[in-house]
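Following: one structure in structure tokens, then a few remarks.
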Amino acid sequence: MNISKKLFISMILIALLIGGVATGLTMQAMDTTASDQETEEETDGKIETDSKNDQDEESKSEKAETPAEFQSLDRAIDLIQANFVNKVERQELVNGAIEGMVSKLDDPYSEYLDAEMTKQFNQSLESSFEGIGAEVTKRNEHITIIAPLKGSPAEEAGIRPNDRVIEVDGESVEDYTVYEATSLIRGEKGTDVVLTIDRPGNEETIEITITRDTIPLTTVYSDVMEQDGKKVGVLEIRSFGEGTAKEFNDQLLKLEDEENIEGLVIDVRGNPGGLFDSVESILANFLGPDDPFVMTERRGEKGEAYYTNGQGRKDYPIAVLINEGSASASEILAAAFKEVVESDIIGETTFGKGTVQQAMELGDGMLKITVMNWLSPHGNQINEVGVEPTIEVKQPDYFYTTLIQTEEPLKYNMNNAEVEKAQIMLKGLGYEMDRTDGYFDKQTTDAVETFQQEHDLKVTGEINEKTEEKLETLILEAVEKTENDLQLKRALEEITGS
């Protein structure tokens, strides 16, 4: 794939998906000329023989025609190579100079990828699917989780949107780029990686162990639900990949023709984004040819609006589910349904990723630069703002908790974050729990004893390994049950008028 003229609404799924979907835009690429004709020869600092005199004279002539600032840069590289105490390769210095230029842009999404990082990026476009199943970016100088994919090892381990990754297997990633951090997180299926997480609202960091696995290729899941005698289709989009639009269109046609649905819920919760082409094709099912679905902005000036070859509006009501893990292409979809179709948008405010990157070949590497912002169809800013729901609905507290991480049993009079997790889980499962602040009181002891009795566990009043495992298993099952999904329940109510 020639990516020199591709635009990306990238959250870079090479990140933790280890492959996943690319984030290419089909908008006409801006005119760029990034030469990959590298003609400089590397030298080792030795004195050249007379046979090189003609080449030296030619080199001097070329340098004389070079702008002064570039002569200074070239001279600095020569001086470092000739005089630095340790031997340093010229390409390393060139890479460092380019990285320095990009860093001056002060943009978390613009970066220079050397040959190895470019190889990783290309592997992501070729769909390698082993990893932990989450996506990251760099926000406010921190490696930050955008969202774990649903059903992924990351989600099952308790990774949440906006978690900051501080360490990977004990190694700090404070000054790492996204690609440098993900090179540590990546690994073979079945191996473990330990992430040290700084979670907003927590005073202390937490460690989460994740077992890497294969990330499934399927991106669209379909279901039919009945509410007050009406059939409502549910289409969950987990990411926007190369095959997502076809999956979606096939499932939608089946729901309409075979199930005769009277309403539709589109679920992009926890969807970190993906290919622009994909979301454009999906929106063509619901928009007319004169309906804009996205606008652009560059250097403070609004650009043109973009349209699909749309088929027109549907004659049944549609609701879209969003949360803080919905980003990038998911936000394009949500904004279009909110402002153009005027559908109910239910859930929580999205992540807020509204920039477009262009990737340009540069020698063996790649320069990825933010070239524009994308805006909602009505021209509203999305970047660092997100898409607000028209109906805000939060899930039960236990939907947001993570797995318990402790090496010793939790017991009476302890006071920590792991006890708080256990209390939230017990309350979510219906046990009487007046406090969920992390203090293991008498009521917590009583609830644990009752839990142990009901599930044939040794009754100790303490949360040991077996009690912890059972508690977490039941909570994960509760999260998967439709009747506990308050956001989906509200969507069904709005669609059917019940």
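Residue numbers (my numbering): 952 to 1449.
Note that the Cβ used here is the ideal one computed from N, Cα and C, for glycine as well.
Cβ neighbour criterion (16 or more within 10 Å) applied to residue i
{"i": "residue 1021", "result": "exposed"}
{"i": "residue 1399", "result": "buried"}
{"i": "residue 1115", "result": "buried"}
{"i": "residue 1038", "result": "exposed"}
{"i": "residue 1023", "result": "exposed"}
{"i": "residue 1151", "result": "exposed"}
{"i": "residue 978", "result": "Only weak support exists for where residue 978 lies, its pLDDT of 29 falling under 50; the coordinates are left without a value."}
{"i": "residue 1449", "result": "exposed"}
{"i": "residue 1242", "result": "buried"}
{"i": "residue 1274", "result": "buried"}
{"i": "residue 1294", "result": "buried"}
{"i": "residue 1121", "result": "exposed"}
{"i": "residue 988", "result": "In this predicted model, residue 988 has a pLDDT of only 33, less than 50, meaning its place in the structure is not dependable; the value taken from the coordinates is given anyway. Its Cβ having fewer than 16 others within 10 Å, residue 988 is exposed."}
{"i": "residue 1132", "result": "buried"}
Candidates the options: closest to residue i by CA position
{"i": "residue 1236", "options": "1053, 1288, 1142", "result": "1288"}
{"i": "residue 1068", "options": "1419, 1112, 1316", "result": "1316"}
{"i": "residue 1162", "options": "1035, 1150, 1109", "result": "1109"}
{"i": "residue 1256", "options": "1057, 1291, 1348", "result": "1291"}
{"i": "residue 1194", "options": "1334, 1167, 1331, 1240", "result": "1167"}
{"i": "residue 1310", "options": "1056, 1063, 1134, 1366", "result": "1063"}
{"i": "residue 1111", "options": "1385, 1378, 1277, 1366", "result": "1277"}
{"i": "residue 1303", "options": "1338, 1327, 1320, 1139", "result": "1338"}
{"i": "residue 920", "options": "1218, 1031, 1361, 1427", "result": "Any property of residue 920 remains undetermined from this structure, which presents the chain solely from 952 to 1449."}
{"i": "residue 1029", "options": "1018, 1045, 1019", "result": "1045"}
{"i": "residue 1357", "options": "1249, 1019, 1157", "result": "1157"}
{"i": "residue 931", "options": "1098, 1049, 1418", "result": "No information on residue 931 is available, as it lies outside the stretch 952 to 1449 that the chain covers here."}
{"i": "residue 1322", "options": "1252, 1203, 1089", "result": "1252"}
{"i": "residue 1091", "options": "1403, 1420, 1125, 1070", "result": "1125"}
{"i": "residue 1140", "options": "1034, 1082, 1098", "result": "1082"}
{"i": "residue 1379", "options": "1422, 1404, 1394", "result": "1422"}
Beta carbon of residue i nearer than 8 Å to that of residue j
{"i": "residue 1374", "j": "residue 1353", "result": "no"}
{"i": "residue 1216", "j": "residue 1171", "result": "no"}
{"i": "residue 1280", "j": "residue 1221", "result": "no"}
{"i": "residue 1284", "j": "residue 1336", "result": "no"}
{"i": "residue 1190", "j": "residue 1100", "result": "yes"}
{"i": "residue 1391", "j": "residue 1370", "result": "yes"}
{"i": "residue 1306", "j": "residue 1324", "result": "yes"}
{"i": "residue 1085", "j": "residue 1094", "result": "no"}
{"i": "residue 1196", "j": "residue 1232", "result": "yes"}
{"i": "residue 1239", "j": "residue 1246", "result": "no"}
{"i": "residue 1461", "j": "residue 1296", "result": "As displayed, the chain neither begins before 952 nor continues past 1449, which places residue 1461 out of reach and without an answer."}
{"i": "residue 1433", "j": "residue 1439", "result": "yes"}
{"i": "residue 947", "j": "residue 1061", "result": "The structure shown does not extend to residue 947, since the chain spans only 952 to 1449, so no value can be given for it."}
{"i": "residue 1175", "j": "residue 1443", "result": "no"}
Residue i - DSSP class collapsed to helix/strand/coil
{"i": "residue 1373", "result": "helix"}
{"i": "residue 1123", "result": "strand"}
{"i": "residue 1063", "result": "strand"}
{"i": "residue 1171", "result": "strand"}
{"i": "residue 1104", "result": "helix"}
{"i": "residue 1478", "result": "The structure shown does not extend to residue 1478, since the chain is modelled only from 952 to 1449, so the question has no answer here."}
{"i": "residue 1319", "result": "strand"}
{"i": "residue 1051", "result": "helix"}
{"i": "residue 1307", "result": "strand"}
{"i": "residue 1379", "result": "helix"}
{"i": "residue 1384", "result": "coil"}
{"i": "residue 1282", "result": "helix"}
{"i": "residue 1199", "result": "helix"}
{"i": "residue 1058", "result": "coil"}
{"i": "residue 1032", "result": "helix"}
{"i": "residue 1446", "result": "helix"}
{"i": "residue 1438", "result": "helix"}
{"i": "residue 1045", "result": "helix"}
{"i": "residue 1078", "result": "With a pLDDT of 42 at residue 1078, under the threshold of 50, the predicted position of this residue should be treated as unreliable, and no value is reported."}
{"i": "residue 1402", "result": "helix"}
{"i": "residue 1431", "result": "helix"}
{"i": "residue 1302", "result": "coil"}
{"i": "residue 980", "result": "At residue 980, the pLDDT of 28 sits below 50, so the modelled position is not reliable; the number obtained from the coordinates is stated separately. Residue 980: coil per DSSP, three-state reduction."}
{"i": "residue 1295", "result": "strand"}
{"i": "residue 1313", "result": "strand"}
{"i": "residue 1335", "result": "coil"}
For residue i: DSSP bridge partner residues
{"i": "residue 1022", "result": "Residue 1022 pairs with nothing; no bridge assigned."}
{"i": "residue 1246", "result": "1256, 1326"}
{"i": "residue 1268", "result": "In DSSP, residue 1268 forms no bridge with anything."}
{"i": "residue 1090", "result": "1093"}
{"i": "residue 1215", "result": "1184, 1269"}
{"i": "residue 1390", "result": "1366"}
{"i": "residue 1176", "result": "1183"}
{"i": "residue 1098", "result": "1086"}
{"i": "residue 1158", "result": "1147"}
{"i": "residue 1165", "result": "1081"}
{"i": "residue 1342", "result": "1297"}
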